[in-house]
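Heads up: the sequence shown begins at 1 in my numbering, then just goes up one per residue. We put the beta carbon where it would ideally sit given N, CA and C, even for glycine. If you're wondering where the values come from, they're calculated on a predicted model, not measured in any experiment. Notes follow once the structure below has been shown.
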Amino acid sequence: MIKTSFENIIVSTHLIHRGLAKNKFKENTINSFKYCFNKNFGIETDLHCTLDNKIVCFHDFNLKAKFKVNKYVSKINYNDLKTISNQFRTPIPLLNELIKISKNKYYLMLEIKPLFSKLNLIKLIKEIKNLKQYSITSFKEKNLIDIYKINKKINLGLLIPSTWSIEKIKKKSKLKYVKFLVLEKKFLSTKKLDKINKEIYYYTVKSKKLFVKYKSKNLIFENL
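This is the structure in structure tokens:
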């Protein structure tokens with residue numbers, strides 16, 4: 001059996017998916033993020049915006065799966081969202097809370113899940129303006145285009161569906177607003193991608209064997 005540990009992982013190129021360093025943690029919570037930072041790792045997290053324009057770290061669009069409440073994050077105020085999540089002892093953090101505990105020392109990869117309005121994108125850009133190590137990613141290309149129009153210096157990554165062809169990936173990599181790519185782990189062994197002259201991250205590695213095999217690459221991993 002191949003063993004790995006926090007001590008022999010290349011910290012600068014590896015991020016912990018949703019803060020899930022260990023099975024005991026709940027995803028996208030302050031406790032999970034703090035643990036990652038204490039182990040000297042950056043994290044990848046998901047962003048949504050509430051009805052009252054608060055940016056939160058949460059994966060799902062709807063609260064039903066996690067909290068048994070059929071409400072969309074975008075249709076509820078943050079105080080109500082906080083009350084619901086606290087009842088399940090899984091408080092949903094604000095992005096600015098994550099930024100505060102990161103102390104500007106650890107890399108934050110911030111994935112925008114839905115399409116953000118221009119107002120929410122401007123709010124996001126203001127919240128991250130003092131960060132030194134971060135990037136913004138999204139499957140929704142329009143988010144990246146709209147951010148690029150506001151600020152061309154922001155490090156933007158395009159998340160690529162696993163169904164895309166190599167040629168389509170190469171074509172997208174040439175877009176000026178795409179600073180790097182984030183690909184599904186099935187592409188790890190695709191040597192044709194090595195010719196792309198941009199950084200590539202791969203998600204989500206959950207196998208120690210796979211991690212060790214490709215640890216020289218930029219990996220987003222969990223529970224290792």
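- A straight line joining the alpha-carbon of lysine 39 with that of phenylalanine 221 spans about 14 Å.
- In the three-state DSSP reduction, tyrosine 202 falls in the strand class (E or B).
- Cβ neighbours of isoleucine 122 within its own chain (closer than 8 Å, five residues either side excluded): Ile150.
- Judged by their CB atoms, aspartate 52 and tyrosine 78 are nearer to each other than the 8 Å cut-off.
- Classified as buried, asparagine 120 has 16 or more neighbouring CB atoms from the shown chains inside 10 Å of its CB.
- Three or more Cβ pairs closer than 8 Å define a contact, and the region 11-22 falls short of that threshold against the region 82-89.
- Across the structure, lysine 195 and lysine 153 are spaced so that their CA atoms are roughly 24 Å apart.
- Contact check for leucine 15 and tyrosine 107: beta-carbon distance about 6 Å, within the 8 Å limit, so the pair qualifies.
- With contacts defined as CB atoms closer than 8 Å, leucine 183 and serine 173 fail to qualify as a contacting pair.
- Residue burial is scored here from C-beta neighbours: isoleucine 101 has fewer than 16 other C-beta atoms within 10 angstroms and is therefore classed as exposed.
- Annotation for serine 138: the continuous beta strand (DSSP E) segment containing it runs 134-138.
- Collapsing the DSSP output to three states places aspartate 46 in a strand.
- In this chain, asparagine 218 is not harboured by any alpha helix (DSSP H); it is covered by the beta strand (DSSP E) spanning 218-221.
- The DSSP-derived three-state label of valine 212 is helix.
- Annotation: asparagine 28 to lysine 54 spans about 16 Å, alpha carbon to alpha carbon.
- Annotation: phenylalanine 88 is outside any alpha helix (DSSP H) and is labelled neither H nor E by DSSP.
- Rounded to whole angstroms, the separation of the alpha carbons of lysine 26 and serine 32 is 7 Å.
- Taken through DSSP and simplified to helix, strand or coil, asparagine 31 comes out as helix.
- Rounded to whole angstroms, the separation of the alpha carbons of lysine 213 and phenylalanine 61 is 34 Å.
- At least 8 Å separates the beta-carbon of proline 91 from that of lysine 103.
- Leucine 188 sits close to lysine 217, with the two beta carbons spaced by under 8 Å.
- Taken through DSSP and simplified to helix, strand or coil, asparagine 155 comes out as coil.
- Shown here, leucine 131 sits in coil according to DSSP, grouped into three states, outside any helix or strand.
- Relative to the Cα of isoleucine 128, the nearest Cα in the group Gly42, Leu144 and Asn96 belongs to Asn96.
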